[in-house]
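Shown next, in structure tokens, is the structure this report addresses.
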Amino acid sequence: MAVTTSKPLDAALLRADFPVFEHPVRGKPLAYLDSASSTQKPRQVLDALRTFYETSYANVHRGVYDLAERSTAAFEGAREKARAYVNAPSAREMIFTRSTTEALNLVAYAWGLDNLGPGDVVVITELEHHANFVPWQFVAQRTGASFRHIPIDDLGELQLDALDELAASGRVKVVANNLVSNTLGTINPVEKLAAWAHEQGAIMVVDAAQAAPHRAVDVQALGCDFLAFSSHKLCGPTGVGALWGRAELLEAMSPFNLGGEMIRSVSLEKTTWNELPYKFEAGTPAIAEAVGFGAAIDYVSAIGPDAIAAHEHELVAYAMERLAEVPGLRVFGPPADRRTGIVSFDLEGIHPHDVAQVLDFEGIAVRAGHHCTQPLMTRLGVVATTRASFYLYSLPEEIDRLIEGLHKVRKVLT
Ligand SMILES: Cc1ncc(COP(=O)(O)O)c(C=O)c1O
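In structure tokens form, the structure reads like this:
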């Protein structure tokens, strides 16, 4: 980690960094409880974007003029921040992508198509986001590999006693899992899965979209082979994300996208690939967005992922306690000490979309739907849930407003 501090954070103070909270929604102060979907942006990131465009913007890696050199330095500086943030051994191994989704597709296509075949097994989990599920399902079908899952128990935690049976079902070549579930907040045992994957001769692919913004993530301590996360869930701009991969795997892989920037030489007969990480960065990248991503990493690092995790833990414990007061409300997932600041629930007899709509009239933003986890919805026996999710700027008062709002929902809709 670049900077980790155990000092508790002051969410009320940090909130002043976020201009969005200065604007009422439906005539009320905004209670933004949808940070798992995307986070709000602090002035420090907005200023970094504006300053970059105003003073240092040009295309990267091409021009020999001063502005292009400064732009390239800012872009590569952001890569170094992303490297340090997840303790990756080398910036050569940090690839800028459009998002977590694109990063996971990159691995599934560029590694999976060349390394999977009949008799091989791809292992995902029942609580995977579609971004780490659908690409693997598709590539397994394309290559003839089988597609198996680790089931969850009734608390939404992985049942690792299923691993032996999975190992017996064929050559396990890929294990793909999110470090934190976006629907339940479950913190998954990725270190154990990575060790098991390597015992099978498989690679471990980690979706850290919901982990990297909320807690310390160290790719070397996790022992994984690939790890993906998105800027927009970490106070940064949309349109940029990062994929870390082990150099030896990345070097052996074919490129994912082809075109400019990712080549070493092109002739009518043959094209050769650029060195890492550029081999996987075809075309003009999201330059200013990457610089903004770097500013967001600085912002979050200065607060400290440990302090963010502790703050969210307090909020989620409080939320679960208060949600238990609402009649007919069922919370899904594990206890507060085994989850991050995410809580999904069902209000008996009321569709989550209706819950979210009534809460919106109170200025409370929550997410309703399947959260891109339809297999998990099937396992939970619901089509959708309502989800409240917290971040470094979330306040206990917003949870109080959520509870009041839910009582109102019941009054209006039952
Ligand atoms: C666990 C998880 N994985 C992947 C994604 C996809 O992230 P993105 O939309 O930034 O590609 C999300 C987004 O919600 C997520 O929560």
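The opening position of the sequence shown corresponds to residue -12 in this note's numbering, with each subsequent residue numbered one higher. Note that the Cβ used here is the ideal one computed from N, Cα and C, for glycine as well. All values derive from a computational prediction rather than experimental measurement.
Measure the CB-CB distance between F39 and A71 and report whether it falls below 8 Å.
-> For F39 and A71, no; Cβs fall outside 8 Å.
Cβ distance (whole Å) where R388 is taken to contact I351 below 8 Å | 6 Å
contact_flag[the segment 191 to 201, the segment 216 to 226] where n(CB pairs < 8 Å) is 3 or more = yes
Under the rule that 16 or more other beta-carbon atoms within 10 Å means buried, what is Y52, buried or exposed?
-> exposed
Under 8 Å between the Cβ atoms of A35 and G226?
-> no
Q27: buried (16+ other C-beta within 10 angstroms of its C-beta) or exposed?
-> buried
Between G320 and V47, what straight-line distance do the alpha-carbon atoms span, to the nearest angstrom?
-> 45 Å
With a threshold of 7 Å, establish whether the CB of T173 neighbours any heavy atom of ligand 1.
-> no
Tell me which same chain residues have a C-beta within less than 8 Å of the C-beta of R49, skipping the five on either side of it?
-> Cβ within range, chain order: A55.
Can you tell me the Cα-Cα spacing of S376 and A306, whole angstroms?
-> 10 Å
Counting Cβ pairs closer than 8 Å, one from the segment 245 to 265 and one from the segment 288 to 308, do we hit at least three?
-> no
Give every residue of the same chain whose Cβ lies closer than 8 Å to the Cβ of L236, excluding the five residues on either side of it in the sequence, and list them in chain order.
-> Here L236 has W98, I190, D212 and F213 as same chain residues with Cβ atoms under 8 Å from its own Cβ, once five neighbours each way along the sequence are excluded.
Alpha carbon to alpha carbon, how far is A196 from F267? Give it in angstroms, no decimals.
-> Approximately 20 Å, taken between the alpha carbons.
How many angstroms separate the CA atom of V193 from the CA atom of L166?
-> 6 Å
Along the chain, which unbroken stretches of the alpha helix (DSSP H) at least 4 residues long are found entirely within the segment 115 to 146?
-> 121 to 130
Applying the criterion that 16 or more other CB atoms from any shown protein chain within 10 Å of the CB defines a buried residue, is E384 buried or exposed?
-> exposed
Should H116 be listed as close to ligand 1, given that the test is whether its C-beta is under 7 Å from any heavy atom?
-> yes
Helix, strand or coil for S288 per DSSP?
-> helix
Go ahead and pull the three-state DSSP assignment for M(-12).
-> Confidence in M(-12) is poor, its pLDDT being 41 and thus under 50, which makes the residue's placement unreliable; the coordinate value appears in the next sentence. In the structure shown, M(-12) falls within a coil segment according to DSSP collapsed to helix, strand and coil.
Expressed to the nearest angstrom, what Euclidean distance is found between the alpha-carbon atoms of A101 and L153?
-> Looking at the sequence shown, residue 101 is not Ala but Asp. D101 and L153: Cα-Cα distance of roughly 22 Å.
In the DSSP assignment, find the beta strand (DSSP E) that holds V330 and state where it starts and stops.
-> I329 to L334
What does a CB cutoff of less than 7 Å around T88 pick up in its chain, not counting 5 residues either side in sequence?
-> A118
If you follow the beta strand (DSSP E) that A215 is part of, which residue opens it and which one closes it?
-> F213 to S217
In three-state DSSP terms, what is R374?
-> strand
Would S444 be called buried (16 or more neighbouring beta carbons within 10 Å of its own) or exposed?
-> A query on residue 444 cannot be resolved here, the shown segment of the chain reaching from -12 to 401 and no further.
Among S133, E115, A229 and T84, nearest to V177 - alpha-carbon criterion = When each option's Cα is compared against that of V177, the closest is E115.
For T271, does the three-state DSSP call read helix, strand or coil?
-> coil
Tell me, which residues are paired with S43 by DSSP?
-> DSSP lists no partner for S43.
Between which two residues does the alpha helix (DSSP H) containing M249 stretch?
-> It is not in any alpha helix (DSSP H) - M249 carries neither H nor E in the DSSP assignment.
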